[in-house]
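Residue numbers (this note's numbering): 330 to 488. Don't be surprised by glycine CBs; every beta carbon is placed ideally from N, CA and C. One structure below.
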Amino acid sequence: MKNNIIIFKKIKFYNLPFLKLYSKLKKGGYLVAPAASALTNIDNNKLYYNSLIKSDIAIFDSGFFCILLRIFKGIKVSKFSGYLFLKKFLNIKFKKNTKFLCIDPSIKESEVNKKYLNSKNIMNIKNYVAPTYSKNNIFDKKLIKLIKDFKPNYIIINL
330 MKNNIIIFKK
340 IKFYNLPFLK
350 LYSKLKKGGY
360 LVAPAASALT
370 NIDNNKLYYN
380 SLIKSDIAIF
390 DSGFFCILLR
400 IFKGIKVSKF
410 SGYLFLKKFL
420 NIKFKKNTKF
430 LCIDPSIKES
440 EVNKKYLNSK
450 NIMNIKNYVA
460 PTYSKNNIFD
470 KKLIKLIKDF
480 KPNYIIINL
């Protein structure tokens, strides 16, 4: 792989295979998989854009973005969907004491996610149903307290 790190609008995209991405993630960090539709809108959504800039690892979830990079910048990268990353990630054999926090959009989604993680022998799970935040107030004291008290190894945001 010729180009391992591509910076686009200050977002650090990694063009790496799964095991190298996972190795980086295990050291701690925030991974994002922005879709093409989200990338086209980042100039209009400053909160989302800032979250992408602050990420430690962004992966090329958008095949369209990969094509545009090749056509306009001459940069060849491989698409790595967020779905595929998550699928490979959840197939890892984690230690029993590995803690997962899932932030979900609904109680039903929490139940489905917990059942799925249990089927992967991931048992140490807390689920949190995210409230609807206003644009002016996205600070969630309950979520911060849960993270501080539970101290998860991994947080999966399913919104």
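Looking only at its chain, what residues have a beta carbon closer than 6 Å to the beta carbon of Gly357, apart from the 5 residues adjacent to it on each side? Once the five neighbours on either side are set aside, Gly357 has no close Cβ partner at all.
One or two residues paired with Cys431 in a DSSP bridge: Cys431 is bridged to Asn456 and Ile485.
Span of the alpha helix (DSSP H) around Phe394: For Phe394, the enclosing alpha helix (DSSP H) stretches over residues Gly392 to Leu397.
By Cβ distance below 8 Å, which residues in the same chain neighbour Pro460 in space, the five residues on each side in sequence not counted? Taking C-beta separations shorter than 8 Å and ignoring five residues to either side along the sequence, the partners of Pro460 in its chain run Asp469, following chain order.
Contacting residues, own chain, Cβ-Cβ under 6 Å from Leu446 (five flanking each side not counted): Excluding its 5 nearest sequence neighbours in each direction, Leu446 has C-beta neighbours in its own chain below 6 Å: Ile454, listed in chain order.
With contact counted as at least three CB pairs below 8 Å, one residue from each stretch, are the region 386 to 405 and the region 336 to 345 in contact? In short, these stretches touch, since the Cβ pair count reaches three.
Under a Cβ-count criterion, where at least 16 other Cβ atoms within 10 Å of its own Cβ denotes burial, should Asn456 be classed as buried or exposed? Result: buried.
I'd like to know whether the C-beta of Gly358 is nearer than 8 Å to at least one C-beta of chain B. Absence of chain B from the displayed structure is noted, only one protein chain being present.
State the start and end residues of the unbroken alpha helix (DSSP H) segment that holds Ile382. Looking at the DSSP string, the run of the alpha helix (DSSP H) that includes Ile382 is Lys375 to Ile382.
Exposed unless 16 or more other CB atoms sit within 10 angstroms - verdict on Phe394: Buried, because 16 or more other Cβ atoms sit within 10 Å of the Cβ of Phe394.
Taking all protein chains shown into account, decide if Ile451 is buried (16 or more other Cβ within 10 angstroms of its Cβ) or exposed. By the 10 Å Cβ count, Ile451 comes out buried.
From this set, Val458, Ser366 and Leu430, which residue's C-alpha is nearest Asp478's C-alpha? With distances taken between Cα atoms, Asp478 lies closest to Leu430.
Out of curiosity, what's the CA-to-CA distance linking Asn373 and Lys425? Near 42 Å, if we compare the C-alpha coordinates of Lys425 and Asn373.
Go ahead and pull the three-state DSSP assignment for Ser410. Looking at Ser410 - three-state DSSP - the assignment turns out to be coil, as it is neither helix nor strand.
From which residue to which residue does the alpha helix (DSSP H) around Tyr343 run? First-last for Tyr343: Ile340 to Tyr343, but that is the beta strand (DSSP E), not the alpha helix (DSSP H).
On the three-state DSSP scale, how would you describe Thr447? The question names Thr, yet the displayed sequence has Asn at residue 447. DSSP places Asn447 in helix when its eight states are reduced to three.
Going along the chain, which residues of its own chain have a beta-carbon closer than 6 Å to the beta-carbon of Asp385, five neighbours each way excluded? Around Asp385: Gly358 and Tyr359.
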